[in-house]
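Here the structure is laid out as structure tokens; the discussion comes afterwards.
Residue numbers (this note's numbering): 70 to 143.
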């Protein structure tokens, strides 16, 4: 029986799997904006800044995740 040896940083694999969360979050933010604009088009200018704030917060958390992955890796 031959066992494969894992060489390198497993933090990259962990962050790759953890990047799925922010991807889903960004999709949910923009899908909610599209649905709300389709239901009430006159509110599109009012809700657009909240879309960008939500997008920025989600991406900031994703960048913090990769930064902490590098910090804790060594």
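Glycine included, every Cβ here is placed at the ideal spot set by N, Cα and C.
Any C-beta of chain C under 8 Å from that of residue i
i, result
"residue 122", "Among the protein chains of the structure shown there is no chain C, as only one such chain exists."
Cα-Cα separation between residue i and residue j, rounded to whole angstroms
i, j, result
"residue 121", "residue 115", "12 Å"
"residue 131", "residue 96", "14 Å"
"residue 89", "residue 72", "29 Å"
Residues near residue i in its chain [Cβ-Cβ closer than 7 Å; skip 5 each side]
i, result
"residue 105", "112 and 116"
Three-state class that DSSP yields for residue i in the structure shown
i, result
"residue 106", "helix"
"residue 111", "helix"
"residue 131", "helix"
Contact under 8 Å by Cβ, residue i with residue j
i, j, result
"residue 127", "residue 94", "yes"
"residue 87", "residue 134", "yes"
Nonlocal neighbours in the same chain, by C-beta distance under 8 Å from residue i, ignoring five residues either side
i, result
"residue 99", "120 and 124"
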